[in-house]
Each structure stands twice: as C-alpha cells, then as structure tokens.
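In terms of UniProt numbering, the sequence shown opens at residue 1 and continues consecutively. Okay, structure first, notes after.
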Amino acid sequence: STVWLVKINNASGDGNGNAGGEKAVYGALKIQKSASHYTEAARDEIKILKQIREADQERKVPVAHLLDWFEHVGPNGTHVCIVMESLGDNLLTLVKLYDYRGIPMEVVKMVARCSLQALDFLHSKLQIIHTDLKPENILLMGKVPKMLIKEKRKPKKKKKRQENGNGEKLSEGKAQQQAAQPVHPEGKIAKLLASGQPLTKNQKKKLKKKQKKVAAM
C-alpha cells in the first residue's frame, strides 16, 4: 500500500483529524493495491476500524481512528482507500534518534502505558488481537519534540576498569562497593536492556538459566 498526507476539503478542525477548530483537517490516505487478496484484507481492516471508532467515540483510548474510506477504480483495477487521522513519527524513528542506545525511561514508561491501554481496549472491549506489533506500527501524536532530540544520549566516557571475582569488569568508582556486595546477573541484564545495549553470549546464557529456573518453580 501507499500512504499520502491529504487535506480534507469542506471541513475544519485542529489539523489532527479532530473537527471543531479553525485549522484545516489533514488525514493519512492509505491506497491499497488492487489485487484481490489485498482488497479483501483492506475490507477486513475497515470492519475492525469501524468497530474501534464506534467503541471509542469520545476518543479517550490511544488508538488510531478511521475518518472515512472509499474505492477508486483505476487502470490497474479497484483500489480500497482508507483515510485515517494524521499522526506523527513512529517509535522506530525515536529509537534511531537515540542511536539505538536506549531512550529515556520516562518516555519508555509513557509509550508502554499507552500501548498497553490500547491493547487492553482492543482485547477486553472488542475481542480484537493485534497480530503485528512492532516499533513501526506504534505512532506518536506528532513529530518527535526537538527537546528530546537535543537530549540524545551521548556515548559514555571510558573509565579505568578492573575485574571482580567473577571476571566481570567494574568501573573504578564501583569496585570497592561491589567487593562488599554479591553480584546479581539478572539486575545487570535488566539494566542493559533498558539502556539499549545488546547482550553478550554469556549474559544471554544467564538470562536463559534464570528463565528456566523460574519456569520450574
């Protein structure tokens, strides 16, 4: 499919598909391919989007809303066209802006909360299961704020490091503290996941062992 930003004529709104303001209303026009299986999938999508729109008329749930749909007959066949409210960047764009080093925990919590609210609404209210969850399909309400871009995480300066008893490297400032405390691999793994850094083979093995231990309990 191809998606275009379109201006909706004979309408007024706040520029995000919401009527009632003075600015022009814009929408995201999705033009589906004309092959029969694409057409069938688009019509199924419209049915689901109509259910969402009907169940969330007050727009309290963080889900994308259907504005309109129609069919266009062209030289290559019939194309189903879906008009959605215009949203902003996707989550992958935000991840890339932070150079895959992890995004601020406050933002992580906000995205997680909204995503879970939307999924709970779809599942509990409409018995709909989202089958294609990925960063590209999680959209923000607008462009990524310039403030977030300015606060991109900078690479940490290398510090003098030494190894502890387990062969793991510690920064000089933490060596004395760690010597008096036991090392918890799962805590370090969780920290690495939050920071966006990839796990080493040894850390992956420790994580799998912990998961097996929890499953056996």
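Backbone N, C-alpha and C define an ideal beta-carbon position, used for all residues, glycine too. Here the structure is a predicted model, which is why all the values come from computation and not from measurement.
- By the beta-carbon neighbour count (other beta carbons within 10 angstroms, threshold 16), S124 is exposed.
- By the Cβ criterion, the region 66-81 is not in contact with the region 102-122, since fewer than three pairs of Cβ atoms, one from each stretch, lie closer than 8 Å.
- Close CB contacts of E136 within its chain, under the 7 Å cut and outside five residues either way in sequence, are with N90 and L92 (chain order).
- Bounds of the beta strand (DSSP E) holding D68 are L66 to G74.
- Contact between I52 and H37 does not hold, since their C-beta atoms are separated by about 23 Å, which reaches or exceeds 8 Å.
- The three-state secondary structure of A28, taken from DSSP, is strand.
- Selection Y100, H72, L87 and G102 evaluated against T39 yields H72 as nearest (Cα-Cα).
- The DSSP-derived three-state label of M105 is helix.
- Taking I129 as the centre and dropping the five residues before and after it, the same chain places the C-beta of H123 closer than 7 Å to its C-beta, in chain order.
- Annotation for I52: the continuous alpha helix (DSSP H) segment containing it runs S36 to A55.
- In this structure, DSSP gives V61 a state outside helix and strand, which the three-state scheme calls coil.
- Straight-line spacing of the CA atoms in K33 and K109 works out to 37 Å.
- A direct Cα-to-Cα measurement between E54 and V63 gives close to 12 Å.
- Considering only L87, N202 and A42, the residue with the shortest C-alpha distance to S1 is A42.
- Nearest in C-alpha terms to F70, of all of L29, N9, I103 and A35, is L29.
- When DSSP states are grouped into helix, strand and coil, K134 belongs to the coil group.
- Short of 6 Å from the beta carbon of R59, and not among the five residues preceding or following it, lies no beta carbon of its own chain.
- Beta-carbon to beta-carbon, I82 and I138 are separated by about 19 Å, too far to satisfy the 8 Å threshold.
- One thing to note: K7 has its Cβ no nearer than 8 Å to the Cβ of A35.
- Contact check for G102 against L67 fails: the beta carbons are separated by 8 Å or more.
- Beyond the five residues adjoining it in sequence on each side, I48 comes within less than 7 Å, by CB distance, of I128 in the same chain, given in chain order.
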